[in-house]
Amino acid sequence: MKRTLPPTATLLLLAMASAFAVAGDAGNGYRWIEGGDFRSSVRFEETTRVLRVASFSLMERAVSNRAFAAFVARQPQWRRDRIPAVFASPGYLGHWATAEAPGSALDPDAPVVHVNWYAADAYCRAQQARLPRFIEWEYAAAADATRRDARRDAAWRMRLVNDGTPHAIDAAPDAPANAYGIQGLHGAHWEWSEDVASLLGDGDRRGQQDGDALRYCGATAMSFNDPGDYGVVKRFVLLSALQPAATLGNLGFRCARSTP
Amino acid sequence: MKIASLFLSALLVLATPLQAQSLPGDSVYHLQASAQDANGAPVAWASLRGQPRLVSMFYTNCHLMCPLIIENAKSVQKQLSPAERRQLGMVMVSLDPGRDTPAAMQDVARRHRVQEGWQFLTPAENDVRAIASVLDVRYRFRDDGSINHTSVLVLLDAQGRVRARNEVTGAAADPAFLIQIKALLAEP
Amino acid sequence: MKRLHTSLLACALAALLAGPAFAGGEGGKITPAGETIHAVLTAPPMVPPPLTRKTPAHVVVDLEMIEKDMRMADGVTYNFWTFGGTVPGSFIRVRKGDTVEFKLKNRHDSHMSHNIDLHAVTGQGGGAEATFTLPGKETQFSFKALNPGLYIYHCAMAPVGMHIANGMYGLILVEPEEGLPPVDKEFYVVQGDFYTEGAYGEPGLQPFSLEKAIDEHPTYVVFNGSVDALQGDNALKAKAGETIRMFVGNGGPNLVSSFHVIGEIFDKVWTEGGSKYQENVQTTLIPAGGSAMVEFKADVPGNFVLVDHSIFRTFHKGSLGILKVEGDRNPDIYTGQQHDIEYPEAKPADKK
Numbered sequence: 000m001k002r003t004l005p006p007t008a009t010l011l012l013l014a015m016a017s018a019f020a021v022a023g024d025a026g027n028g029y030r031w032i033e034g035g036d037f038r039s040s041v042r043f044e045e046t047t048r049v050l051r052v053a054s055f056s057l058m059e060r061a062v063s064n065r066a067f068a069a070f071v072a073r074q075p076q077w078r079r080d081r082i083p084a085v086f087a088s089p090g091y092l093g094h095w096a097t098a099e100a101p102g103s104a105l106d107p108d109a110p111v112v113h114v115n116w117y118a119a120d121a122y123c124r125a126q127q128a129r130l131p132r133f134i135e136w137e138y139a140a141a142a143d144a145t146r147r148d149a150r151r152d153a154a155w156r157m158r159l160v161n162d163g164t165p166h167a168i169d170a171a172p173d174a175p176a177n178a179y180g181i182q183g184l185h186g187a188h189w190e191w192s193e194d195v196a197s198l199l200g201d202g203d204r205r206g207q208q209d210g211d212a213l214r215y216c217g218a219t220a221m222s223f224n225d226p227g228d229y230g231v232v233k234r235f236v237l238l239s240a241l242q243p244a245a246t247l248g249n250l251g252f253r254c255a256r257s258t259p
Numbered sequence: 000m001k002i003a004s005l006f007l008s009a010l011l012v013l014a015t016p017l018q019a020q021s022l023p024g025d026s027v028y029h030l031q032a033s034a035q036d037a038n039g040a041p042v043a044w045a046s047l048r049g050q051p052r053l054v055s056m057f058y059t060n061c062h063l064m065c066p067l068i069i070e071n072a073k074s075v076q077k078q079l080s081p082a083e084r085r086q087l088g089m090v091m092v093s094l095d096p097g098r099d100t101p102a103a104m105q106d107v108a109r110r111h112r113v114q115e116g117w118q119f120l121t122p123a124e125n126d127v128r129a130i131a132s133v134l135d136v137r138y139r140f141r142d143d144g145s146i147n148h149t150s151v152l153v154l155l156d157a158q159g160r161v162r163a164r165n166e167v168t169g170a171a172a173d174p175a176f177l178i179q180i181k182a183l184l185a186e187p
Numbered sequence: 000m001k002r003l004h005t006s007l008l009a010c011a012l013a014a015l016l017a018g019p020a021f022a023g024g025e026g027g028k029i030t031p032a033g034e035t036i037h038a039v040l041t042a043p044p045m046v047p048p049p050l051t052r053k054t055p056a057h058v059v060v061d062l063e064m065i066e067k068d069m070r071m072a073d074g075v076t077y078n079f080w081t082f083g084g085t086v087p088g089s090f091i092r093v094r095k096g097d098t099v100e101f102k103l104k105n106r107h108d109s110h111m112s113h114n115i116d117l118h119a120v121t122g123q124g125g126g127a128e129a130t131f132t133l134p135g136k137e138t139q140f141s142f143k144a145l146n147p148g149l150y151i152y153h154c155a156m157a158p159v160g161m162h163i164a165n166g167m168y169g170l171i172l173v174e175p176e177e178g179l180p181p182v183d184k185e186f187y188v189v190q191g192d193f194y195t196e197g198a199y200g201e202p203g204l205q206p207f208s209l210e211k212a213i214d215e216h217p218t219y220v221v222f223n224g225s226v227d228a229l230q231g232d233n234a235l236k237a238k239a240g241e242t243i244r245m246f247v248g249n250g251g252p253n254l255v256s257s258f259h260v261i262g263e264i265f266d267k268v269w270t271e272g273g274s275k276y277q278e279n280v281q282t283t284l285i286p287a288g289g290s291a292m293v294e295f296k297a298d299v300p301g302n303f304v305l306v307d308h309s310i311f312r313t314f315h316k317g318s319l320g321i322l323k324v325e326g327d328r329n330p331d332i333y334t335g336q337q338h339d340i341e342y343p344e345a346k347p348a349d350k351k
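Chains H, A and F supply the protein sequences, listed in that same order.
Last residue of the first sequence: 259 in numbering that gives the first Met the number 0, with the numbers rising by one and none dropped.
Last residue of the second sequence: 187 in numbering that gives the first Met the number 0, with the numbers rising by one and none dropped.
Last residue of the third sequence: 351 in numbering that gives the first Met the number 0, with the numbers rising by one and none dropped.
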């Protein structure tokens with residue numbers, strides 16, 4: 000009589016298989032994040048306050064120097080000395096010792112920075128993944144170590160003003176993972192999102208309530224549901240200014256996968 | 000005999016990177032992306048290389064700005080000589096592969112009575128963002144399925160370098176843009 | 000058939016009617032007036048020398064934004080965001096009618112974008128919409144200084160309150176066409192309120208407290224970015240008999256200043272940095288995001304104390320600075336103590 004594996008075991012095997020398929024990312028698997036209704040701090044004028052975020056998977060940690068070096072070895076067109084000008088800016092991987100490797104001065108497990116959107120996108124695609132959308136970042140980052148949505152905790156929220164600086168709450172490499180098992184979302188580094196070019200922001204946000212936001216066809220006046228959510232405001236403002244070829248010394252990335 | 004085949008394979012080895020190297024660094028055709036045309040046939044993004052192109056991004060369910068883009072592009076064509084028209088390839092790329100099937104694209108082409116030779120491309124779902132990035136087209140899907148997007152005509156030379164951009168604000172071609180197009184087409 | 004969104008319709012119409020709605024990148028050019036000068040910028044409390052030219056010029060201002068940890072008080076450091084590496088930022092001095100070519104750099108190690116809004120600018124955002132600068136980049140715009148006066152400039156990047164609260168402000172002086180009357184000494188002083196998680200004096204690198212900033216309960220209220228920026232060796236210095244002008248600003252972000260110099264009277268106060276002056280003023284109000292220009296003669300020697308006369312903040316939060324005036328006493332004006340003696344106690348009224 001044929002024995003079939005119980006469904007959970009099959010799922011487990013599949014999950015493990017896909018985790019191991021991620022070459023060069025030992026210890027950086029994907030965690031499944033259950034979707035739900037979510038009140039984003041960002042409000043595009045036509046949306047309701049509460050949006051539905053579909054379940055998705057997110058890398059536990061940002062992509063490291065080590066993992067990106069392995070990617071560059073497999074796909075040498077993404078080396079800093081080979082990357083076409085259309086994708087890159089002068090700083091791309093400029094902090095690495097050589098075109099192939101970060102070098103001993105950099106922590107191999109630290110998030111890789113000075114990478115542009117195209118390289119991040121290519122890395123994720125090579126893993127049958129993609130960059131997370133801004134709202135997926137926001138959804139996953141609403142969690143602290145114990146709560147899936149910690150944003151009503153004013154004290155916790157206030158600390159998020161330090162996102163992107165060495166004083167950020169998740170800046171330390173051993174900072175605990177959040178309730179979804181994701182580490183470093185409020186770290187010293189910003190992270191690319193898939194839809195950076197959709198964050199149709201504006202250089203000077205102060206007069207924006209006047210409705211004159213016609214920089215783009217049918218453009219929405221974007222505002223914040225919660226202007227006190229300084230962590231999200233700062234992140235949005237920074238990401239919305241980036242060109243896809245740009246790099247920053249504190250801008251890295253991690254990948255996400257849609258649930259089929 | 001062996002030497003000849005070695006020589007040939009050496010040539011091949013040299014030829015392929017030479018082919019790639021001859022593509023200038025700032026060419027948008029470095030992007031590996033795939034699409035299908037209005038007949039459903041596959042079209043590699045990089046295969047557009049070889050002639051100057053006027054490219055824009057739109058979607059078929061767009062009822063205001065996108066018609067203007069197409070009309071503007073038609074107006075550009077009208078102002079070119081027949082020889083220039085033969086040189087310049089017109090390419091409209093969809094932002095909305097989910098809904099812009101080949102049939103939908105053909106329908107738009109028909110409704111606007113565009114000339115023969117216009118290409119209507121629907122990129123693979125996960126290639127839209129990258130194509131939009133190299134063309135610097137920003138877009139955002141709204142709740143109701145409409146799309147906010149920059150309305151722009153991008154002039155690419157035969158090697159895929161962006162030579163000029165024109166924000167579309169009306170149905171009539173921008174005279175300054177036309178000058179840039181004609182100048183490009185006059186280059187050897 | 001999908002119902003048309005009113006905003007889409009508005010977009011198409013406006014797009015047809017209006018000019019380019021795209022603001023990024025290629026702005027216009029201004030025809031430069033007169034000679035090209037590179038502006039001399041100074042760190043507080045120094046002021047660039049008075050302008051001597053009698054015609055408008057094309058002035059190039061080159062300013063770099065730097066985030067750095069600096070001293071707030073003894074044992075207390077804070078991560079300040081600065082224009083030119085100081086709080087307040089560099090002093091800019093131009094003349095009415097000048098065309099200012101403003102280059103703004105954001106240092107490579109900044110962790111986020113910054114911009115600038117100069118209150119002297121007539122134009123969108125005071126320059127903010129033209130100067131959104133990512134780390135490692137430089138932006139540029141030009142403006143004509145239409146109005147004379149003393150103006151605050153500050154970063155206007157969202158979240159604006161936080162950028163100002165971290166010290167991103169300074170003063171730009173637009174001299175009137177006839178210039179300012181000469182004085183012996185000019186000083187640059189800007190008051191600001193700071194919000195830290197720790198209490199006043201708590202040592203270490205103090206993080207910014209958003210909660211306190213929203214509640215408008217500052218931990219530190221200081222002149223020129225730190226508790227003793229204008230004390231001890233850093234006290235302002237002058238000689239008895241000299242005329243003194245102070246360009247005083249209030250960066251806020253929240254508090255209004257009741258500016259007073261103990262032991263002196265302002266002979267003239269150009270209230271709010273404008274073109275008319277009031278005379279014989281003891282204490283003048285400086286709005287958050289505003290300024291005042293004060294002038295007085297240091298008639299007698301002594302230590303004259305700059306304060307915010309909302310007095311508890313002066314003695315408990317740091318809004319105290321010293322102007323040390325040296326020179327010969329002048330007993331006609333001030334004698335100092337003349338006697339200190341016993342005096343007879345009054346007899347009770349019912350004792351006969």
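Beta carbons are placed, not taken as given, at the ideal position from N, Cα and C, and that holds for glycine.
Item	Value
Contact the stretch 171-188 of chain H vs the stretch 104-111 of chain H: 3+ CB pairs below 8 Å	yes
Reduced DSSP secondary structure (H/G/I, E/B, other) of residue 152 of chain A	strand
Backbone secondary structure at residue 342 of chain F - three-state DSSP	coil
Straight-line gap, residue 42 of chain H to residue 140 of chain A (C-alpha atoms, nearest Å)	13 Å
Check whether residue 222 of chain F and residue 263 of chain F have beta carbons under 8 Å apart	no
Length of the line joining the Cα atoms of residue 147 of chain A and residue 51 of chain H	20 Å
Identified DSSP bridge partners for residue 91 of chain A	A:55, A:119
For residue 68 of chain F, the first and last residue of its enclosing beta strand (DSSP E)	57-72
Spatial distance of residue 270 of chain F from residue 290 of chain F (CA atoms)	8 Å
Inter-stretch contact at 8 Å, needing at least 3 Cβ pairs: the stretch 80-95 of chain A / the stretch 169-178 of chain A	no
At least three beta-carbon pairs within less than 8 Å, the stretch 156-163 of chain A to the stretch 59-74 of chain A	no
First through last residue of the alpha helix (DSSP H) which encompasses residue 86 of chain A	81-86
Residues within the stretch 160-179 of chain H neighbouring chain F, beta-carbon criterion of under 8 Å	160, 161, 163, 164, 166
Span of the beta strand (DSSP E) around residue 76 of chain F	75-82
Neighbourhood of residue 134 of chain A by C-beta distance below 6 Å, restricted to the same chain and skipping five residues each side	153
Cα-Cα separation between residue 102 of chain A and residue 109 of chain A, rounded to whole angstroms	10 Å
Against chain A: residues of the stretch 82-98 of chain H by CB proximity under 7 Å	83, 84, 85, 86
Residue interval of the alpha helix (DSSP H) (run including residue 193 of chain F)	Here residue 193 of chain F belongs to no alpha helix (DSSP H); instead the beta strand (DSSP E) covers 184-193.
Alpha carbon of residue 330 of chain F to alpha carbon of residue 282 of chain F, nearest angstrom	25 Å
Chain H contact for residue 27 of chain A (CB, 8 Å cutoff)	yes
Cβ shell of residue 104 of chain A (< 6 Å), same chain only, five flanking positions each side left out	37, 119
Cutoff 8 Å: residue 196 of chain H Cβ touching any chain A Cβ	yes
Three-state secondary structure assigned by DSSP to residue 190 of chain H	strand
Reduced DSSP category for residue 117 of chain H - H, G, I as helix; E, B as strand; rest coil	helix
Classification of residue 239 of chain A by the beta-carbon crowding that lies within 10 angstroms, buried from 16 upward	Lying outside 0 to 187, the shown extent of chain A, residue 239 of chain A is not represented and no answer is given.
Boundaries (first-last residue) of the alpha helix (DSSP H) holding residue 132 of chain A	127-134
Test item: CB-CB of residue 243 of chain F and residue 183 of chain F under 8 Å	yes
Endpoints, beta strand (DSSP E) assigned at residue 236 of chain F	235-238
Residue 175 of chain H (DSSP reduced to helix, strand or coil)	coil
Residues that DSSP places opposite residue 150 of chain F in a beta bridge	F:171
Cross-chain neighbours of residue 54 of chain A in chain C, by beta carbon under 9 Å	Of the chains in the structure shown, none is chain C; the protein chains are H, A and F.
Rounded Cβ spacing between residue 34 of chain A and residue 123 of chain A (contact assumed at less than 8 Å)	7 Å
Short CB-CB distance (under 8 Å) between residue 90 of chain A and chain H	no
Three or more C-beta pairs below 8 Å linking the stretch 125-138 of chain F and the stretch 109-117 of chain F	yes
Touching by the beta-carbon criterion (3+ pairs, under 8 Å), the stretch 90-101 of chain H and the stretch 132-146 of chain H	no
Start-to-end residues for the beta strand (DSSP E) that takes in residue 266 of chain F	265-269
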